[in-house]
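S.K.:
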Amino acid sequence: MNSVRKPLMELLPELEEARRNMRVKVLQIKAGQEQAHKKMNKEKQKYMGLGDSCERLQQQIRSLTSTGITARIRLSRIEKRLDSTEKQLLEQEQVYNRAHGHYLEAQRQCDEAIQDLYKVELHMLDYIQ
Numbered sequence: 001m002n003s004v005r006k007p008l009m010e011l012l013p014e015l016e017e018a019r020r021n022m023r024v025k026v027l028q029i030k031a032g033q034e035q036a037h038k039k040m041n042k043e044k045q046k047y048m049g050l051g052d053s054c055e056r057l058q059q060q061i062r063s064l065t066s067t068g069i070t071a072r073i074r075l076s077r078i079e080k081r082l083d084s085t086e087k088q089l090l091e092q093e094q095v096y097n098r099a100h101g102h103y104l105e106a107q108r109q110c111d112e113a114i115q116d117l118y119k120v121e122l123h124m125l126d127y128i129q
């Protein structure tokens, strides 16, 4: 038993190093995940603000349709602004979706790294026992 135990004990430093490396990897991925989450939230705020702007402009359009010729001029201007804002909204939605995708990928990598860390720790426990 001692002859088997000694080689296993010699592997312990390598396992410790692997464990440290995995912990560093987990921390790095978590930091990346946090950055992706912050960016996603920032893009979501822009997206929500543009959605609110579209809603306000649509409400203005509805209220102006009952007025005369001068209202039609204003209506035309507001419709142009609405078109522009809706275009920005679609662009912002794409940016938000990309940021959300990066966040989900960082989350997946973090989960994988944590699973790898658990595996290393389980192997260490097996070798120690």
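Using the UniProt record's numbering, you'd call the opening residue of the sequence shown number 1 and step up by one each time. Note that beta-carbon positions come from the ideal geometry of N, C-alpha and C, so glycine has one too.
Say whether the region 27-41 touches the region 73-93, bearing in mind that this needs 3 or more beta-carbon pairs closer than 8 Å, one atom from each stretch.
M.R.: The region 27-41, when compared against the region 73-93, does not touch it at the 8 Å Cβ threshold.
S.K.: Please classify Q107: does DSSP put it in a helix, a strand, or coil?
M.R.: Q107 falls in the helix class under three-state DSSP.
S.K.: Determine the closest residue to E121 out of P7, N21 and E10, with distance taken between C-alpha atoms.
M.R.: When each option's Cα is compared against that of E121, the closest is N21.
S.K.: Relative to the alpha-carbon of K39, which residue among N97, T70 and D111 has its alpha-carbon at the smallest distance?
M.R.: Nearest C-alpha to K39: N97.
S.K.: Looking only at its chain, what residues have a beta carbon closer than 8 Å to the beta carbon of L12, apart from the 5 residues adjacent to it on each side?
M.R.: Cβ neighbours of L12 beyond the five flanking positions: M124, Y127 and I128.
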